[in-house]
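For the sequence shown, the UniProt record's numbering gives the first residue as 1, with consecutive numbering after it.
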Amino acid sequence: MGFPVLFWPERHCFSGQRIYKPSFQPQQQKALHHFSGITSMRSNIAFAAALAHIAAAAPAPQQFDLAAVLNAPSPTNTAPPTTAVATSSSTSVNSASLAQSISAAINTEASASVTGASASAASTEQPSSALEKRGGWGGWGETKKVTSSAKPTTSSVAKPVSSSAPSTTSVQTTGTATTSSSTSCPTTPEDGTYCGFINPEDPCAVQPDGYGPKVTPDTVEAFKSYSEFHQQAQNAETPSGYEQVFQDLDASVSGNSYITFYTLESYDVAGCAAHCDNTDLCTAFNIYIERDPSLNPTKGDNESTYCPNPSSITNYKCSLWGSDIDQESATNTGDNREDFQTVVVGSNGYDKTNNTAPPDQDGWDKPEKCDNGAISGGGNYWMGSHFYPGPYNPFNCAHYAQAQTEKNREGARSKGAKSYTPVNMFNSYMVHKNGKAQGTYCQIFDTHLSPEWAGFKGTHSGRDRFDVKNSWTYSLKNLDDGKFH
């Protein structure tokens, strides 16, 4: 059973205020004016008939699929690992594999969410007649773009995704350094290692990195109060293009939009920013100082594998995020590894989401920003929605739109229809739950709608708050008329 959240469509949202009743278009207002002049004997009947006709033509209430957000599986990694591991994985996203998985999911669905109709019905719908019906009330006599006065305000563009990694929407880089033994190599090293390699995951193995100062006394309290760490966080300069969103916290960011992390040799904010600038989908980063164990804490059954509370080392960490971040998203205060306690200090957050346009998508116009939220009044132009957990990635929406058009086209062709229902625009945005990013929400439409249609900012479910962030629309460069040529 889902958790639908109903809201009425909002045609114009310049003030950001929600309109709870459908607004009449000029043709509708003209019809009402015409009926107001009818003789009193017939006015009541005619007026009622006019309202009935207008109500049928007006966009229907639309649903935000809260169940899709709540039931979506979380990505495998939602924060940097607390333990060093032997291997590292790529930070790129495999677009080809991702597209294939999205297409497979669309093709296996029993029906498409196309304005309440089944996929087969949508596939055989005649766009020309549908547009003519809309034309009687809203001027939709042809497929054309609606002029918008809203302009995106951006100063940079996020890097497009690459195609050389596992088919995931959230990716991780693990240990950035390993430890080597000084002894000679008596045997051939295993694949993926080298002579003298020490696996940091082995019991009581020496842990990598630890470029920060040694804190004495070696206690959690001394580490938290170490003045140099707080001075580094408080004196750090904000990189160009970024906004500092929190400073000197004792917690690091966690959430579904986690991309990867790096271990640094110093509290290098500029270096962390450079990693973000050169990483697919990254629009924010978190730099912090972490108390880590010098050995892999283990309670083994002999002296060489018993080290439950080793001495500490200090690591400078840089985590990258595919969404905006803020103080509310910094919830990771540390962890216990056997008897050793990891803690976080000097945590600073930097964000460029509001100054960054998402990457262009092949075959689609440049994205338009929706400052007032998501489009909630798509009405009869709305064809469905999908939610993808992970970093904000409009590629998911673009391929979802293409896959849905292809499904409708093939369904219509198999039935001998002369036309099909195409997707001509999509709205992609990030959903946040109680301040933490969840994933990309995609809505698809059969025509271009102006960003002025946007106005849905979020909703509540019980004690949970769901917010709309980073909302953009993409329209096909060459709008599809839905006809077989």
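Every residue, glycine too, gets a C-beta built ideally from N, C-alpha and C.
* **beta strand (DSSP E) runs wholly inside the region 363-442, at least 3 long, in chain order** => 382-389, 425-433
* Asked: Taking the alpha-carbon positions, what's the D464 to G435 distance?
  -> 10 Å
* Asked: What do you reckon, are the CB atoms on Y392 and N408 nearer than 8 Å?
  -> no
* Please report the residue range of the alpha helix (DSSP H) in which C276 lies. => 269-277
* DSSP three-state call for H460: helix, strand or coil? -> strand
* Helix, strand or coil: which one does DSSP assign to P200? -> coil
* To do: Please determine, among L249, Y388, D339, the residue with the shortest C-alpha to C-alpha distance to P75.
  => Y388
* To do: Work out the CA separation of L70 and N309 for me, nearest whole Å.
  => 39 Å
* To do: Round the Cβ separation of V345 and D250 to the nearest angstrom and send it over; I've been treating them as touching at under 8 Å.
  => 6 Å
* So E221 is in the alpha helix (DSSP H); what residue range does that whole segment cover? -> 220-224
* Assuming A284 contacts G349 under a Cβ cut-off of 8 Å, what Cβ separation, rounded to an integer in Å, is found between them? -> 7 Å
* Grouping DSSP H, G and I as helix and E and B as strand, with all else coil, what is N71? -> helix
* Continuous alpha helix (DSSP H) stretch holding Q231: start and end -> 227-235
* Determine the extent of the beta strand (DSSP E) in which E290 is found, giving its start and end residues. => 284-293
* Tell me whether the beta-carbon of P73 lies closer than 8 Å to the beta-carbon of K317. => no
* To do: Measure the beta-carbon distance from A233 to D248 and round it to whole angstroms, keeping in mind my assumption that it falls under 8 Å.
  => 4 Å
* By how many angstroms is the C-alpha of G212 removed from the C-alpha of S319? -> 17 Å
* Just the C-alpha distance for A60 and G377, rounded to the nearest angstrom, thanks. => Bear in mind that a pLDDT of 41 at A60, under 50, signals an unreliable position, so the number given afterwards is only what the model happens to contain. Using only the alpha carbons, I get a separation of about 8 Å.
* To do: Over the uninterrupted beta strand (DSSP E) stretch that includes F246, give me the two end residues.
  => 243-249
* **Straight-line gap, D268 to N278 (C-alpha atoms, nearest Å)** => 16 Å
* **I259: first and last residue of the uninterrupted beta strand (DSSP E) it sits in** => 258-264
* Extent of the continuous beta strand (DSSP E) run through F340 -> 340-351
* Looking at T314 and I287, is the spacing between their C-beta atoms short of 8 Å? -> no
* **Min CB distance P308 to chain D below 8 Å** => The chain inventory of the structure shown lacks chain D, comprising one protein chain alone.
* Can at least three beta-carbon pairs, one atom from the region 357-369 and one from the region 320-337, be found at a separation below 8 Å? -> no
* Within 10 angstroms of its Cβ, does A398 collect 16 or more other Cβ (buried), or is it exposed? -> buried
* Asked: Considering only residues of the same chain and omitting the five flanking positions on each side of C307, which have a CB-CB separation below 7 Å?
  -> C204, L295, P297, T298
* To do: Output the distance between the C-alpha atoms of C276 and E243, rounded to the nearest integer angstrom.
  => 14 Å
* Please classify T333: does DSSP put it in a helix, a strand, or coil? => coil
* To do: Consider the C-beta atom of W453 and the heavy atoms of the ligand ATP; say whether any pair is separated by less than 7 Å.
  => Of ligands this structure carries none, so the ligand ATP is not represented either.
* To do: With DSSP as the reference, label residue 487 as helix, strand or coil.
  => Because the chain in this structure spans residues 1 to 485, residue 487 falls outside the shown range and cannot be described.
* To do: Could you tell me which of F445, N256, E237, D292 sits nearest to N424, measuring between CA atoms?
  => F445
* Kindly indicate the opening and closing residues of the beta strand (DSSP E) around K317. => 312-321
* To do: Below 8 Å on the Cβ atoms is my guess for G379 versus A454; work out the distance and round it to an integer in Å.
  => Their Cβ separation, rounded to whole angstroms, is 14 Å, which puts G379 and A454 out of contact at 8 Å.
* Asked: So T78 and G255 are in contact, right, with Cβ under 8 Å, and what is the actual spacing, rounded?
  -> 6 Å
* For S461 versus C442, is the C-beta spacing smaller than 8 Å? -> no
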